Amino acid sequence: MKRTLWEQSGRYLLPVYFVGVLLYLLLPLLLVVPMSVSETRYLKFPPTGFTLHWYEDFFATPGWIDATWRSLVIAAASALLATVVGTAAALVLSRDGRAVRIAGPIFLGPQVVPVIILALGTLLVFSRFGLYGSMGGIVLVHAVLALPFVTTTVSGALRQTGDTLARAARVLGARPHEAFWHVTLPTIRPAVISAGVFAFFISFDELVIALFVMGRNETLPMRIWADMRHDLTPVVAAVASLLILATFAAVFLSDRIQRRAERRAG
3 MKRTLWEQSG RYLLPVYFVG VLLYLLLPLL LVVPMSVSET RYLKFPPTGF TLHWYEDFFA
63 TPGWIDATWR SLVIAAASAL LATVVGTAAA LVLSRDGRAV RIAGPIFLGP QVVPVIILAL
123 GTLLVFSRFG LYGSMGGIVL VHAVLALPFV TTTVSGALRQ TGDTLARAAR VLGARPHEAF
183 WHVTLPTIRP AVISAGVFAF FISFDELVIA LFVMGRNETL PMRIWADMRH DLTPVVAAVA
243 SLLILATFAA VFLSDRIQRR AERRAG
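The opening position of the sequence shown corresponds to residue 3 in the working numbering, with each subsequent residue numbered one higher.
Right, here's the structure in full:
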C-alpha cells in the first residue's frame with residue numbers, strides 16, 4: 003500500500019519538479035530581456051517604458067565592440083585548436099589501452115583542477131615568458147580548458163561507432179589517413195561539431211583566467227564584469243540578451259548541421 007501511494011504521489015510530484023527546475027533555469031532569461039529595454043538608467047524589473055537606447059549604446063561604444071571582437075577571435079581560435087588536438091587525442095586513446103592509463107588523466111586534468119589554480123599558474127608562466135596580455139597565450143589556455151570536453155565527446159562517439167568500418171577500409175587497401183578522412187571522420191562528424199561549438203562557448207564565457215592574464219585587453223566577459231562593478235546599466239542586460247539570441251542561433255545551426263551530416267552518413 004505504501005509503495006502504491008509513493009508511486010501515485012510520484013506521478014504528480016515529478017511534473018511539478020520538472021516545471022520548477024525549468025522555471026529556475028529560464029526565469030533569469032525571461033527577466034533579462036525586458037530589463038534591456040527599460041528607460042531607466044539602472045536595472046529594474048518590471049521595466050519602465052520601452053527603448054532600444056541600450057542596444058544602440060552597445061553598438062556605438064568602441065570599448066564594447068572591441069571586447070566583443072576580441073572574445074570572438076579568441077573563442078574561434080581556441081575552439082579550432084581544442085577540436086583538432088582533442089579529436090587526435092580521442093583517436094589515440096581509443097586505440098591504445100596503455101595510452102588511456104597514461105595520457106587520460108593529463109587530458110582530463112583541466113576539468114578537475116580549480117580554475118583559480120589554473121589562473122594563478124597561468125599568470126606566473128605568462129609573466130615569466132612575456133605572454134601577459136597576449137591573445138596567443140589566452141588562446142592556448144582556453145584551448146587547454148576546452149580540451150577535456152572535446153576529448154570526452156569525441157571518445158564517446160568513437161566508442162559508439164567502433165572501428166569496424168575503418169579496419170575494413172584498411173583491409174581493402176586504404177591508407178590510415180584515407181580511412182580516417184573518408185570513413186572515421188564522417189561517422190564522428192556530429193560529435194566533432196558539437197565538441198567544437200562547446201569549446202567555443204567555454205572560451206567565450208571564460209572570465210577568471212582572463213582577469214588574471216589579459217590586462218587592459220578586455221574580453222567581453224571582462225567588460226561585463228567591469229560594468230557590473232562600477233556602472234550597472236541596462237547595457238549589461240542588452241549584451242546578455244544578444245548573447246542569449248546568439249546562443250540559441252548557434253545551437254540551432256549546430257543541430258541542423260548535425261542532422262544533415264547524419265542523413266548523409268545514413
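Each residue gets a CB set at the ideal place from its N, CA and C atoms; glycine is no exception. On a predicted model such as this, the values are computed, not experimentally measured, just so you know.
Range covered by the alpha helix (DSSP H) that runs through residue i
| i | result |
| --- | --- |
| Val39 | Looking at the DSSP string, Val39 is not in any alpha helix (DSSP H), and its letter there is neither H nor E. |
| Pro150 | Met137 to Thr163 |
| Pro223 | Leu222 to His232 |
| Thr235 | Element bounds for Thr235: n/a, residue is neither H nor E. |
| Leu133 | Element bounds for Leu133: n/a, residue is neither H nor E. |
Span separating the alpha-carbon of residue i from that of residue j
| i | j | result |
| --- | --- | --- |
| Phe61 | Ser96 | 46 Å |
| Val199 | Pro150 | 14 Å |
| Leu187 | Pro112 | 26 Å |
| Asp257 | Ala242 | 22 Å |
| Leu229 | Ala251 | Note on residue identity: the sequence assigns Asp, not Leu, to residue 229. Roughly 26 Å between the two C-alpha positions. |
| Ser73 | Leu120 | 19 Å |
| Leu142 | Leu82 | 11 Å |
| Leu45 | Thr221 | 22 Å |
| Thr249 | Ile195 | 15 Å |
| Met137 | Ile76 | 7 Å |
| Ser40 | Leu27 | 22 Å |
| Arg161 | Ala78 | 27 Å |
| Leu54 | Val86 | 41 Å |
| Leu31 | Leu255 | 20 Å |
| Tyr19 | Leu29 | 15 Å |
| Asn219 | Val94 | 37 Å |
| Leu110 | His144 | 14 Å |
| Trp183 | Ala90 | 13 Å |
| Glu58 | Pro236 | 11 Å |
| Trp56 | Ala240 | 6 Å |
| Thr154 | Leu244 | 30 Å |
With a cut-off of 8 Å, do at least 3 Cβ pairs link the segment 122 to 136 to the segment 55 to 71? Using a C-beta cut-off of 8 Å, the segment 122 to 136 makes no contact with the segment 55 to 71, since fewer than three inter-stretch Cβ pairs fall below that distance.
Every unbroken alpha helix (DSSP H) within the segment 183 to 217, with a cutoff of 4 residues, ordered by chain: Complete alpha helix (DSSP H) runs here, min 4: 187 to 207 and 210 to 215.
Can you confirm whether the segment 199 to 210 touches the segment 133 to 150 when touching is taken to mean that 3 or more C-beta pairs between the two stretches lie within less than 8 Å? A contact exists between the segment 133 to 150 and the segment 199 to 210.
Taking contact to mean 3 or more Cβ pairs, one atom from each stretch, closer than 8 Å, check whether the segment 23 to 43 and the segment 205 to 220 are in contact. No contact exists between the segment 23 to 43 and the segment 205 to 220.
Could you pull out every unbroken alpha helix (DSSP H) segment of at least 4 residues lying fully inside the segment 46 to 71, listed in chain order? With a minimum length of 4 residues, the continuous alpha helix (DSSP H) runs that stay inside the segment 46 to 71 are 55 to 62.
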